[in-house]
Each structure stands twice: as structure tokens, then as C-alpha cells.
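Asks:
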Amino acid sequence: MSTDTVISSRSLTKHYGEVHAVQDLELDVRRGEIYGFLGRNGAGKTTTIRMLLGLIRPTSGEVSVLGRRIVPGETSIFGRIGYLVETATAYPNLTVRENLEVQRRLTGAPRTSITETIALLRLEPYADRRTGQLSLGNKQRLSLARALLHSPEVLVLDEPANALDPAGIVEVRDLLRSLATQRGVTVFMSSHILAEVAHLADRIGIVHDGRLIEESGREEFAAKARAFSAEALTEQERADALLTMDLERYFLSRTGGTT
Numbered sequence: 007m008s009t010d011t012v013i014s015s016r017s018l019t020k021h022y023g024e025v026h027a028v029q030d031l032e033l034d035v036r037r038g039e040i041y042g043f044l045g046r047n048g049a050g051k052t053t054t055i056r057m058l059l060g061l062i063r064p065t066s067g068e069v070s071v072l073g074r075r076i077v078p079g080e081t082s083i084f085g086r087i088g089y090l091v092e093t094a095t096a097y098p099n100l101t102v103r104e105n106l107e108v109q110r111r112l113t114g115a116p117r118t119s120i121t122e123t124i125a126l127l128r129l130e131p132y133a134d135r136r137t138g139q140l141s142l143g144n145k146q147r148l149s150l151a152r153a154l155l156h157s158p159e160v161l162v163l164d165e166p167a168n169a170l171d172p173a174g175i176v177e178v179r180d181l182l183r184s185l186a187t188q189r190g191v192t193v194f195m196s197s198h199i200l201a202e203v204a205h206l207a208d209r210i211g212i213v214h215d216g217r218l219i220e221e222s223g224r225e226e227f228a229a230k231a232r233a234f235s236a237e238a239l240t241e242q243e244r245a246d247a248l249l250t251m252d253l254e255r256y257f258l259s260r261t262g263g264t265t
């Protein structure tokens, strides 16, 4: 594995009985890169992320993160990784601040990190509110805050835009881009939303039925999409797509977001 490769998988495979959730997956994610792992629901994204984190054991193949082979029960690497998975839940009877204090003690982050991370995710108005009383969007912000609290070198995020409104999606997009470009953080993020990945990722991998069927840089991916649109869509369909983008930009401008 190259010293510039932070996340690597070789022939990574996971079967559940007769179901081939992930099959012979080959990944190489470079340091400071944002890698978008794009696929429909059920394509194998979450299963892949769980294997990358050592939460489940592969049927075959292997995963390495930051030069260390990942196996279930291996915890020494987690001080350098931040992650968000769909089933991760905060303590509902604790406040946002108290939940982050629990996370701080687990990761060894400095005390100042709590206030800094609350501000980073714009959770100040909710810092002393019980987590069970938060909206779904603010619960997602808290999950991201927990992932970022200890300033990890690598972020592994399963559907990070879930439950966020359009302005929140843009804020998280800008935050992840800043972490990658200014701090050299490596981001591996899954999504089933093309626009979310296309706006952010340096490289995009498309997974379908557990297999990586395409991988390309953002510009190459965009060029392929434009060519497909010109060939396969009607003039009305292209106009509708442009209108949708214009409406989103207008909505963000009216609600204090950025475009």
C-alpha cells in the first residue's frame, strides 16, 4: 500500500447466506481526498463502511486504514478515525454538551474541543437541550460533531446529509471541503444522492449490487453525465433539471444559506 493511500481494500467480500452484499471490492483512497461512494439503497454502501470500520467481519478479503489492517475488535486505530454510521445514536436523556463530553472522554480529546465543535456544527442554541428533544437534522449535526470532536485524520461517513435541510447540506459540504483542503483530512462518504457527491467528492465510485462498477474523478464524472444528458434526455427533461437547480439556489438565498 502506498504511503499516500489511507484507506485500502483488497477483494473485500461480504455474503449473508445467498445474498452477496459486497463482492471483490477494491478501494484506494488517498490522503486528503474526498471519496464519494455512490449507490442506490441496498447497493452495499453501509456494509462496506461497517467492514472499513471493523464493525463486521468480511467473508473474505481485507481492509487497511492508515497502514493498519482492520479486523473486528481492533480499537487502537479509532483515536485517528471519526465515523458516522446509520445506527449510531446519542444518549437521548443527555444534553448535546453532555453527549460530547462522553465522546471526549472516550477519545481523549481536549476539553476545549466541545465548545469548538458545537460552534463548528452551529449547535450553540441546542447545546444544553436534551438530545431526545432535537429535530432529526440537529441529531445528525450532533452525530457529525461526535465524529469530528477529536480532530481525526480520517472521516468515514455513512449518508452524512441524512435529515439535513438544503442549507444544512451546503454547510456540511463546505465543512468537509475545508477539513480536506486545510487540514488534510481524508473523507470517505457514502450517499445515494448524486448531487451531494458530485458537488463535493474529488473522486466518485459507483457501487451496484455490491460491486464497484465505475470510478472516476469529479470532472470526468461530470463530463460523462453531461454527455448522457445530451444524448438520452429530452429538451423538457433537461429544462426541468436546470429549473430544479435554480429553485434550490433561490431557496438557499432566501433562507440565509449559501449556494
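When the letters of the sequence shown are read in order and numbered with the numbering used here, they come out as residues 7 to 265.
By construction, the Cβ of each residue, glycine as well, lies at the ideal position given by its N, Cα and C atoms.
1) With a cut-off of 8 Å, does the C-beta of V35 fall near any C-beta of chain D?
2) Is it true that the CB of G45 sits closer than 8 Å to the CB of H205?
3) Could you give the residue range of the beta strand (DSSP E) that holds Q146?
4) Do the CB positions of A207 and R224 come within less than 8 Å of each other?
5) For G88, which beta-bridge partners are listed by DSSP?
6) Give me the residue from T101, G79, V176 and A245 with the minimum Cα distance to M136.
7) Using the C-alpha atoms, what's the distance from L58 back to A245?
8) Who are the near neighbours of H26 in its chain, counting only those whose CB is closer than 7 Å to its CB and skipping five residues on each side?
9) Across which residues does DSSP place L33 in a beta bridge pair?
10) Would F164 be called buried (16 or more neighbouring beta carbons within 10 Å of its own) or exposed?
11) Let's test the definition: count the other Cβ atoms within 10 Å of the Cβ of I212 and tell me whether it reaches 16, buried, or not, exposed.
12) Give the range of the beta strand (DSSP E) segment to which R56 is assigned.
13) Alpha helix (DSSP H) containing G223: first to last residue?
14) For the structure I just gave you, are there three or more beta carbon pairs, one from the stretch 139-158 and one from the stretch 63-82, closer than 8 Å?
15) Please classify I219 as buried or exposed, where buried requires at least 16 other C-beta atoms within 10 Å of its C-beta.
16) Count the other CB atoms within 10 Å of the CB of E24; is the residue buried (16 or more) or exposed (fewer)?
17) Grouping DSSP H, G and I as helix and E and B as strand, with all else coil, what is I124?
18) Would you kindly work out how many angstroms separate the C-alpha atoms of D10 and N99, rounded to a whole number?
19) Tell me which same chain residues have a C-beta within less than 7 Å of the C-beta of G50, skipping the five on either side of it?
20) Applying the 10 Å Cβ sphere with the 16-neighbour rule, what's the burial state of T192?
21) Using a threshold of 8 Å, state whether the C-beta atoms of F227 and I210 are closer than that.
22) Which one of E39, P64, N105 and I62 has the shortest CA to CA distance from V160?
23) How many Å lie between A5 and Y89 at the Cα?
24) Can you tell me where the beta strand (DSSP E) with I210 in it begins and where it stops?
Replies: On the basis of the supplied data:
1) Absent here is chain D; the protein component of the structure consists of one chain.
2) Contact check for H205 against G45 fails: the beta carbons are separated by 8 Å or more.
3) For Q146, no beta strand (DSSP E) run applies; the uninterrupted alpha helix (DSSP H) run containing it begins and ends at L142 to L154, by DSSP.
4) Going by beta carbons, A207 and R224 fall inside the 8 Å limit.
5) Beta-bridge pairing links G88 to L161.
6) Position check: residue 136 holds Arg in this sequence, whereas Met was assumed. The shortest Cα separation from R136 among T101, G79, V176 and A245 belongs to T101.
7) Approximately 40 Å between the Cα atoms of the pair.
8) Same-chain partners within the cutoff: G216.
9) L33 is bridged to S15.
10) Contrary to the premise, residue 164 reads as Asp rather than Phe in this sequence. Label assigned to D164: buried.
11) Looking at its Cβ environment, which holds 16 or more other Cβ atoms inside 10 Å, I212 is buried.
12) Per DSSP, R56 lies in no beta strand (DSSP E); the unbroken alpha helix (DSSP H) holding it starts and ends at K51 to L58.
13) Boundaries around G223 are those of the beta strand (DSSP E), R217 to G223, since no alpha helix (DSSP H) includes it.
14) The stretch 63-82 and the stretch 139-158 do not touch, with fewer than three beta-carbon pairs separated by less than 8 Å.
15) It counts as exposed.
16) When all chains shown are included, E24 counts as exposed.
17) DSSP places I124 in the helix class (H, G or I) of the three-state scheme.
18) When rounded, the distance between both Cα atoms is 42 Å.
19) The answer, listed in chain order, is A27, V28, V213 and G216.
20) By the 10 Å Cβ count, T192 comes out buried.
21) Taking 8 Å as the Cβ cut-off, F227 and I210 qualify as a contacting pair.
22) That would be E39, whose Cα lies nearest to the Cα of V160.
23) Since the first residue of the chain shown is 7 and the last is 265, residue 5 is not available in this structure.
24) It spans R209 to H214 - the beta strand (DSSP E) in which I210 sits, taken as one unbroken run.
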